[in-house]
C-alpha cells in the first residue's frame, strides 16, 4: 500500500521457534534466490502488525504470536518503471503451531548463526541481531515469572 508520501509500507516477520537449547528462525528465498526475512505488503486500511499476522496465518498456515516491534528501515526500488521508497517495520513473532507451511515459496528454519550467514542485506542482519537480543530478554522475563509450585 502506498502512503501519502508515495512510500510502500512492508511488514517484516522475524519468526522464531523454540528448540532444544537453540532457537530457529524462518527464512524464505526471494525472486533472486537469496534468503530473507518473510515480508508482506501492507494493504490499504491495514496496520503493519495486522499485515504480518494475516500473512503468517493465511499464506504461511502458521499460528504465531507477535511479541514486539524489532525495528524499522527504508529501502529503494522500482515498481512498474517508477522509483519508490519502501518503509519496513519488522516484528518479532513466536511460532506456536502450524501444519505444513505453504504459500511462501522455498523456506527453511535456521539457527541464529546459520540465519546470519544466509541473510545478504545489512538491514535484515541488523533486525535479526536485535530480535535475537529481544528473545533473550523475553526468555529471562518468562523464566523469572514462572514460580515453583508450593
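Residue numbers (my numbering): -15 to 134. By construction, the Cβ of each residue, glycine as well, lies at the ideal position given by its N, Cα and C atoms.
Inter-residue Cα distance where the pair is residue i and residue j
i, j, result
"residue 90", "residue 9", "14 Å"
"residue 25", "residue 102", "22 Å"
"residue 134", "residue 128", "Unreliable positioning characterises residue 134 in this predicted model, as indicated by a pLDDT of 45, which lies under 50. A coordinate reading is not provided."
"residue 59", "residue 2", "31 Å"
Beta bridge counterpart(s) of residue i as assigned by DSSP
i, result
"residue 112", "Bridge partners of residue 112: none, in fact."
"residue 47", "81"
"residue 97", "BP columns for residue 97 are empty, so no partner."
Close-in-space but distant-in-sequence residues of the same chain around residue i (CB under 8 Å, 5 per side omitted)
i, result
"residue 135", "The requested residue 135 is not part of the displayed model; the chain covers only -15 to 134."
"residue 41", "47, 48"
Cβ pair residue i, residue j closer than 9 Å
i, j, result
"residue 44", "residue -6", "no"
"residue 70", "residue 16", "no"
Contacting residues, own chain, Cβ-Cβ under 6 Å from residue i (five flanking each side not counted)
i, result
"residue 95", "6, 8"
Distance between beta carbons of residue j and residue i, contact taken as under 8 Å
i, j, result
"residue 18", "residue 104", "5 Å"
"residue 72", "residue 57", "5 Å"
The ligand ZN heavy atom lying under 8 Å from the CB of residue i
i, result
"residue 124", "This structure lacks the ligand ZN; in fact it carries no ligand of any kind."
Contacting residues, own chain, Cβ-Cβ under 7 Å from residue i (five flanking each side not counted)
i, result
"residue 100", "109, 112"
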